[in-house]
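Data first, discussion second: the structure below is written as structure tokens.
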Amino acid sequence: MSNTPFRPGRHFLQIPGPSNVPDSVLRAMAQPVIDHRGPEFPALTFNILEQIKPVFNTESPVFIYPASGTGGWECALLNALSPGDKVLAFETGHFATLWKEVADKLGLEVQWVAGDWRHGVDPEKVEEALKADTTHSIKAVLAVHTETSTGVTSRIDKVRQAIDAAAHPALFFVDAVSSLACTEYQHDEWKVDVTVSGSQKGLMLPPGLSFNAVSEKALAASKQSKFHHSYWRWDAMLSFNAKGYYPYTPSTNLLYGLEEALSLLHQEGLDNVFARHYRLAEATRRAVSAWGLENICLNSEEFCNSTTAVLVPEGSDADALRTIILQRFNMSLGTGLGKLKGKIFRIGHIGDFNELMLAGTLGGVEMGLNISGIPYQKGGVNAALDFLSS
Ligand SMILES: *Cc1c(COP(=O)(O)O)cnc(C)c1O
260 MSNTPFRPGR
270 HFLQIPGPSN
280 VPDSVLRAMA
290 QPVIDHRGPE
300 FPALTFNILE
310 QIKPVFNTES
320 PVFIYPASGT
330 GGWECALLNA
340 LSPGDKVLAF
350 ETGHFATLWK
360 EVADKLGLEV
370 QWVAGDWRHG
380 VDPEKVEEAL
390 KADTTHSIKA
400 VLAVHTETST
410 GVTSRIDKVR
420 QAIDAAAHPA
430 LFFVDAVSSL
440 ACTEYQHDEW
450 KVDVTVSGSQ
460 KGLMLPPGLS
470 FNAVSEKALA
480 ASKQSKFHHS
490 YWRWDAMLSF
500 NAKGYYPYTP
510 STNLLYGLEE
520 ALSLLHQEGL
530 DNVFARHYRL
540 AEATRRAVSA
550 WGLENICLNS
560 EEFCNSTTAV
570 LVPEGSDADA
580 LRTIILQRFN
590 MSLGTGLGKL
600 KGKIFRIGHI
610 GDFNELMLAG
620 TLGGVEMGLN
630 ISGIPYQKGG
640 VNAALDFLSS
């Protein structure tokens with residue numbers, strides 16, 4: 260017998276990923292494992308590869324690895340670049356910083372543009388840095404689309420325009436881990452060379468899969484790469500995927516889940532998925548401002564559909580609030596990462612999520628604020644409900 264008390268009802272998993280997994284996806288993953296070299300497997304592979312392309316808005320190959328998002332970052336860098344290559348990257352928050360550290364460890368030279376963790380990638384700074392690079396020594400531009408640590412979504416279309424305005428040939432790498440299937444994303448139209456993503460955010464799956472969507476230009480660059488590596492090779496993925504297989508054992512049951520999750524996304528319609536995320540995010544922002552608290556994101560053009568990061572007043576402890584809410588109401592909220600530790604909490608409104616789940620989530624936050632003694636104004640939940648029912 261466990262000492263843990265029984266907690267009736269569902270746990271509210273309102274961190275910005277891993278997100279809630281729909282019951283039908285959980286059931287799909289409970290199917291028996293099949294032979295990944297057997298005759299049934301190609302149908303699964305082909306169906307997934309066909310259904311996933313419209314999620315990235317691409318005609319290019321999308322490679323699926325048994326890995327977390329961090330593996331997807333490393334995969335992109337190893338395949339398309341060479342040791343010592345220079346990359347241009349932007350300090351939008353914790354995830355941008357982690358990706359930069361992967362690049363550092365691989366022996367790339369990172370030109371790091373400092374940021375305040377309250378704004379996305381500044382397209383003007385992209386243009387400026389690339390125009391200054393007259394010898395074209397920068398081989399790639401790295402941008403995080405939705406910076407999950409701050410709830411700020413960079414304007415990737417504008418960053419693309421800045422690269423074009425500088426007439427610079429650098430590859431363009433984008434982390435869309437927590438924006439994919441939450442916010443419009445255009446791999447082809449924005450001429451992104453590698454889009455990195457992961458399973459546990461908008462794709463509504465457990466952690467364990469990472470993705471690289473890869474342009475022709477990036478595939479061509481991979482043929483010149485001087486990095487030594489094996490597990491991440493795009494060329495092996497490309498040739499095995501063409502026959503419906505993988506170079507090594509794929510995560511079969513996560514792929515069952517992915518097939519079902521993609522089918523749910525297409526049933527709802529991606530435009531409806533984005534509109535739902537926008538509506539729930541906007542309701543959350545209205546609650547936050549009614550509470551008299553501050554959203555970390557300062558630019559309304561960079562508001563985020565996936566998560567809202569809320570600053571607590573100076574002298575208050577956001578993690579103490581999160582603990583109260585977990586213990587009293589069985590809800591997990593996102594912690595402050597890196598230099599925002601203790602200063603913010605993050606409300607995830609991502610993936611399989613609806614109005615009443617949001618009402619419960621915001622209700623839990625408002626009750627937690629009341630118990631914690633953090634100075635705030637009542638009425639956040641009402642402001643959100645008014646918006647959702649208008
Ligand atoms: C979740 C996330 C990742 C991936 O992190 P893992 O823990 O390696 O799965 C990368 N980038 C962003 C923006 C994320 O939100």
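Note that the numbering used here has the sequence shown beginning at 260, numbered continuously upward. We put the CB at the ideal spot given by N, CA and C, even for glycine.
8 Å Cβ cutoff met for L389 and I422: Yes, the Cβ-Cβ distance between L389 and I422 is below 8 Å.
Answer yes or no: do S319 and H446 have a C-beta to C-beta separation smaller than 8 Å? Yes; because the gap between Cβ atoms is below 8 Å, this pair is in contact.
Identify whether E350 lies in helix, strand or coil by the three-state DSSP scheme. Residue state, collapsed to three classes: coil.
What are the residues that DSSP puts in a beta bridge with Y324? For Y324, which the question treats as bridged, DSSP gives the partners S469.
Within 10 angstroms of its Cβ, does D645 collect 16 or more other Cβ (buried), or is it exposed? Residue burial is scored here from C-beta neighbours: D645 has fewer than 16 other C-beta atoms within 10 angstroms and is therefore classed as exposed.
List, from N- to C-terminal side, the beta strand (DSSP E) runs of 3 residues or more that fit wholly inside the segment 532-612. If we require 3 residues or more, the beta strand (DSSP E) runs fully inside the segment 532-612 come out as 566-570, 590-592, 603-607.
At which residues does the beta strand (DSSP E) containing W371 begin and terminate? Counting along the chain, the beta strand (DSSP E) containing W371 begins and ends at 368-372.
Please state whether the Cβ-Cβ distance between R419 and F432 is less than 8 Å. No.
Near K398, which residues of its chain fall below 7 Å by C-beta distance, leaving aside the five closest residues on each side in sequence? Excluding its 5 nearest sequence neighbours in each direction, K398 has C-beta neighbours in its own chain below 7 Å: L340, D344, K345, V346, A429, L430, listed in chain order.
Could you tell me which whole beta strand (DSSP E) segments of length 3 or greater appear in the segment 450-501? Within the segment 450-501, the complete beta strand (DSSP E) segments of 3 residues or longer fall at 453-457, 468-473, listed in chain order.
Pairing CB atoms from the segment 452-462 with CB atoms from the segment 471-485, are three or more of them under 8 Å? Contact holds: three or more Cβ-Cβ distances are below 8 Å.
With a 10 Å radius around its C-beta and 16 neighbouring C-beta atoms as the bar for buried, classify D530 as buried or exposed. Counting every other CB atom within 10 Å of its CB across the protein chains shown gives D530 a total below 16, marking it as exposed.
Cutoff 7 Å; reference D578; Cβ partners in own chain excluding five residues on either side: These residues qualify, in order along the chain: T594, G601.
Leaving out the 5 sequence neighbours to the left and right, which residues in its chain are closer than 7 Å to W371 when beta-carbon positions are compared? Residues of the same chain with a CB within less than 7 Å of the CB of W371, apart from the 5 flanking positions on each side, are A348, E350, K359 in chain order.
Answer yes or no: the CB of S327 versus the heavy atoms of ligand 1, is any distance below 7 Å? Yes - ligand 1 has a heavy atom lying nearer than 7 Å to the Cβ of S327.
Provide the residue(s) that pair with E333 in DSSP beta bridges, ordered along the chain. Bridge partners of E333: none, in fact.
Does the beta-carbon of G276, which I'm using as the reference point, lie nearer than 7 Å to any heavy atom of ligand 1? True, at least one ligand heavy atom lies under 7 Å from that Cβ.
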